[in-house]
Amino acid sequence: MKTIDFQPFTVNELAAYTQVSIRTSERFVKRLYEAGYIELYGQEQSYHIGRPRQVYILRKHIETALRRRLGNLS
168 MKTIDFQPFT VNELAAYTQV SIRTSERFVK RLYEAGYIEL YGQEQSYHIG
218 RPRQVYILRK HIETALRRRL GNLS
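When we follow the numbering used here, the leftmost residue of the sequence shown carries the number 168, and every step to the right adds one.
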(Lines of atoms letter the chains of each structure in order from A and count residues from 1; the text may use other names and numbers.)
(Lines give C-alpha, C1' and ligand atoms only; values in the text may rest on other atoms or scores of the structure.)
Protein backbone atom coordinates (compact mmCIF):
# COMPACT_ATOMS: atom_id res chain seq x y z
CA MET A 1 0.00 0.00 0.00
CA LYS A 2 1.54 3.29 -1.05
CA THR A 3 1.00 6.59 0.69
CA ILE A 4 -0.83 8.54 -2.00
CA ASP A 5 -2.26 5.88 -4.27
CA PHE A 6 -5.83 6.20 -2.93
CA GLN A 7 -6.35 2.48 -3.56
CA PRO A 8 -8.86 0.24 -1.78
CA PHE A 9 -7.41 -1.32 1.38
CA THR A 10 -8.13 -3.90 4.06
CA VAL A 11 -7.68 -3.57 7.81
CA ASN A 12 -4.66 -5.90 7.59
CA GLU A 13 -3.01 -3.77 4.88
CA LEU A 14 -3.56 -0.61 6.91
CA ALA A 15 -2.11 -2.29 10.01
CA ALA A 16 0.99 -3.38 8.10
CA TYR A 17 1.45 0.05 6.51
CA THR A 18 1.03 1.99 9.76
CA GLN A 19 2.91 -0.61 11.82
CA VAL A 20 0.17 -0.99 14.41
CA SER A 21 -1.71 -4.07 15.56
CA ILE A 22 -4.63 -5.36 13.54
CA ARG A 23 -6.95 -4.56 16.46
CA THR A 24 -5.78 -0.93 16.53
CA SER A 25 -6.28 -0.73 12.78
CA GLU A 26 -9.81 -2.16 13.16
CA ARG A 27 -10.66 0.55 15.69
CA PHE A 28 -9.28 3.27 13.44
CA VAL A 29 -11.17 1.99 10.38
CA LYS A 30 -14.37 1.79 12.43
CA ARG A 31 -14.00 5.44 13.43
CA LEU A 32 -13.21 6.55 9.87
CA TYR A 33 -16.22 4.61 8.58
CA GLU A 34 -18.59 6.00 11.21
CA ALA A 35 -17.34 9.55 10.51
CA GLY A 36 -18.03 9.10 6.79
CA TYR A 37 -14.42 9.36 5.59
CA ILE A 38 -14.29 5.86 4.10
CA GLU A 39 -16.86 3.51 2.64
CA LEU A 40 -17.14 -0.20 2.05
CA TYR A 41 -15.75 -1.01 -1.39
CA GLY A 42 -16.34 -4.76 -1.34
CA GLN A 43 -15.01 -7.99 0.09
CA GLU A 44 -12.11 -10.24 -0.72
CA GLN A 45 -11.95 -13.94 -0.06
CA SER A 46 -8.55 -15.51 -0.13
CA TYR A 47 -8.81 -19.25 -0.44
CA HIS A 48 -12.26 -20.48 0.51
CA ILE A 49 -11.68 -20.63 4.23
CA GLY A 50 -12.83 -18.15 6.86
CA ARG A 51 -14.75 -14.93 6.58
CA PRO A 52 -14.23 -12.62 3.64
CA ARG A 53 -12.25 -9.46 4.44
CA GLN A 54 -13.89 -6.08 4.08
CA VAL A 55 -12.23 -3.75 1.58
CA TYR A 56 -12.52 0.00 2.15
CA ILE A 57 -11.88 3.09 0.07
CA LEU A 58 -11.83 6.82 0.74
CA ARG A 59 -15.09 8.55 -0.06
CA LYS A 60 -14.83 10.47 -3.32
CA HIS A 61 -15.17 13.95 -1.82
CA ILE A 62 -12.44 13.18 0.73
CA GLU A 63 -10.12 11.84 -1.96
CA THR A 64 -10.75 14.91 -4.14
CA ALA A 65 -9.99 17.27 -1.23
CA LEU A 66 -6.79 15.38 -0.39
CA ARG A 67 -5.64 15.34 -4.00
CA ARG A 68 -6.27 19.09 -4.24
CA ARG A 69 -4.40 19.77 -1.00
CA LEU A 70 -1.47 17.52 -1.95
CA GLY A 71 -1.28 19.20 -5.34
CA ASN A 72 -0.90 22.57 -3.63
CA LEU A 73 1.97 21.24 -1.51
CA SER A 74 4.20 20.36 -4.47
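Even glycine gets a Cβ: it sits at the ideal position worked out from N, Cα and C.
Below 8 Å, too few C-beta pairs join the region 225 to 236 and the region 181 to 198 to call them touching: fewer than three. Your pair I224 and Y200 does not check out as a contact, with CB atoms roughly 11 Å apart and the cut at 8 Å. Spatial neighbours of G203 in its own chain (CB-CB distance under 8 Å, excluding positions within 5 residues in sequence) are listed in chain order as R226. Contact annotation: R218 and T177 have beta-carbon atoms that are not nearer than 8 Å.
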